[in-house]
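Residue numbers (our numbering): 8 to 265. We treat Cβ as the ideally placed atom computed from N, Cα and C, and that holds for glycine. Predicted model only: the values in this text are computed from it and were never measured. Report on one structure; see the data block that follows.
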Ligand code: 13P
């Protein structure tokens, strides 16, 4: 069964509410004439305070072509966890997906593989879909431990998840050295690592699961890079940072994945 492509925009810490509403509207305007059935799954991930505004813009449009994600969550359901948002809260805000384990969260906020695993479980238990990020640093790549590191991140992130849960999850391979640097990972190499991730999932579960899970590439994805990336056997889409902040470049990436 063919996997439906996914193009997700991670807005990171950008866009006030009005800017988020405007960008959401511009993206939908740019996709207006596209056939919904032919579009990839299009996801936008605004920051917490702009989720409401983006969700309202999506609902007002009612075209159902774009879905909402959060950039993070906490795994507990409620309680004294100052500054955190539960999965239920994010679902209530309109989110259907949650990005977890982004390298920026790991680097600046101490997110560990164990936390990523707990978050994945909480997300799936609430009927949402985790977008689980993994990726190696330049030092790890140069030391030749990329595959070992990524396989370890994925194995730990998926611990104790059922094969049905894994089959509907999304993984994003984002080499840290390619994020925000303009240095896109060569598509053949990105595909090799992503195939390795798929093989890791196969080893942990089975072929049905590994052939179902969508695995995206992220790291300086641009309108000029998407076609080659999408032509590869195992790359199912992209997690886009900088180029998702302008409707024009994000729409070009979406159209490049059709
Ligand atoms: P850039 O596309 O800006 O490199 O960011 C990638 C990313 O981190 C998406 O999560």
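Comparing alpha-carbon positions, which option in the options lies nearest residue i?
i, options, result
"residue 262", "249, 122, 234, 31", "234"
"residue 11", "218, 128, 56", "218"
"residue 175", "101, 36, 138", "138"
"residue 102", "144, 83, 57", "57"
"residue 191", "164, 48, 236, 135", "236"
"residue 216", "195, 223, 205, 226", "205"
"residue 68", "259, 35, 19", "35"
"residue 54", "232, 19, 231", "19"
"residue 170", "79, 150, 154, 213", "213"
"residue 232", "64, 46, 189, 17", "189"
"residue 26", "265, 79, 59, 167", "59"
"residue 162", "120, 240, 193", "120"
"residue 229", "89, 193, 168", "193"
"residue 96", "117, 133, 87", "133"
Taking the CB atoms as reference points, tell me whether residue i and residue j lie closer together than 9 Å.
i, j, result
"residue 3", "residue 38", "The question about residue 3 has no answer here: the residues shown for the chain are numbered 8 through 265."
"residue 13", "residue 221", "yes"
"residue 160", "residue 208", "no"
"residue 105", "residue 126", "yes"
"residue 266", "residue 250", "In the structure displayed, the chain extends from 8 to 265; residue 266 sits before or after that span and is not available."
"residue 227", "residue 186", "yes"
"residue 43", "residue 72", "yes"
"residue 130", "residue 141", "no"
"residue 211", "residue 173", "yes"
"residue 70", "residue 81", "no"
"residue 265", "residue 45", "yes"
"residue 100", "residue 52", "no"
"residue 64", "residue 17", "no"
"residue 203", "residue 167", "no"
At a threshold of 8 Å, does residue i count as lining the ligand 13P (C-beta to nearest heavy atom)?
i, result
"residue 48", "no"
"residue 109", "yes"
"residue 254", "no"
"residue 186", "yes"
"residue 246", "yes"
"residue 32", "no"
"residue 251", "yes"
"residue 19", "yes"
"residue 136", "no"
"residue 225", "yes"
"residue 87", "no"
"residue 174", "no"
"residue 102", "no"
"residue 146", "no"
"residue 140", "yes"
"residue 200", "no"
"residue 121", "no"
"residue 13", "no"
"residue 228", "yes"
"residue 106", "yes"
"residue 179", "yes"
How about residue i: is its Cβ closer than 8 Å to a heavy atom in the ligand MG?
i, result
"residue 60", "In terms of ligand content, the structure shown lacks the ligand MG and carries the ligand 13P instead."
When the cut-off is 9 Å and only beta carbons count, does residue i lie next to chain C?
i, result
"residue 208", "The chain labelled as chain C is not found in the depicted structure, where only one protein chain is given."
Practice item. Just list the beta strand (DSSP E) runs in the region 150–204, keeping only unbroken ones of 3 residues or longer that don't cross its boundaries, in chain order. Key: 177–180
Review point. Touching or not, the region 190–207 and the region 244–260, by the rule of three or more beta carbon pairs under 8 Å?
Key: no
Point to revise | Contact between the region 106–124 and the region 181–188 (3+ Cβ pairs under 8 Å) | key: As far as the Cβ criterion goes, the region 106–124 touches the region 181–188, which means the pair count is three or higher.
**Study point:** Inside the region 50–130 only - alpha helix (DSSP H) runs reaching at least 4 residues
**Key:** 58–68, 94–99, 110–116
Exercise for review: Return the chain-ordered ranges of every beta strand (DSSP E) run that is complete within the region 211–239 and spans a minimum of 3 residues.
Suggested key: 221–225
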